[in-house]
Structures are given as structure tokens and as C-alpha cells.
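Before any comments, here is the structure.
Numbering (the working numbering), first residue to last: 1461 to 1568.
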């Protein structure tokens, strides 16, 4: 029983014109929603994290805010935004403190 699904996407990522979209059929299809993938690994990830018919999807919650992600890699990217904000806010303060300490050491 070979299931054939569909993928609707651009020929090339930089193309945005709807005329450039292709309907492509791949061998590895989700038996719940019909979406298909080139590899079994991608289909497995879809079934575990993305399929809207999967009832027990894990939710990855940010410990710093109310952001929740379906995939752990997306949560990791999100958490990095917290660190970027902290660096932007506290780096100038740290530089000022370091220069103040340096000037104090030079006077001693």
C-alpha cells in the first residue's frame, strides 16, 4: 500500500509569485492529514510535533515568558531572543562599570 501525499510549495525559496508554485507528490504521507514528505524522518517529525490531528503533541514552554512552541528547536531560538535583549540592555551598563572600575584602579 503506497500512500501518495502532496506538497504545495515554491520551486525556489526566493520565488514568491503564485504562478511559480508546484504541486509535488512525495512517497511518505501522513495517514491523518495527507501531507507528504521526501523522507520518513521528516514525516516522523510531522507526526510527533506538527500534525493538527495528533492529540498528544508536546508543548515546550519558555521559562521566562508565556511563549510556547511545538518544537524544542523553536523554543531554543526564542530563548536566545531573551539573551539578546539582556545583552542590549545590560552591556552598556557593564561597559560603564568596567571603565569606572578601571579609572579607580588607575588612581590607586
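For every residue, glycine included, the Cβ atom is placed at its ideal position computed from N, Cα and C.
*Spatial distance of residue 1507 from residue 1556 (CA atoms)*: Linking residue 1507 to residue 1556 through their CA atoms gives a straight-line distance of about 51 Å.
*Going by alpha carbons, who is nearest to residue 1545 out of 1524, 1558 and 1502?*
1524
*Quick one: using the 10 Å Cβ neighbour count with 16 as the cut-off for buried, is residue 1503 buried or exposed?*
buried
*Any idea if residue 1496 is buried or exposed, counting beta-carbon neighbours within 10 angstroms, 16 or more meaning buried?*
buried
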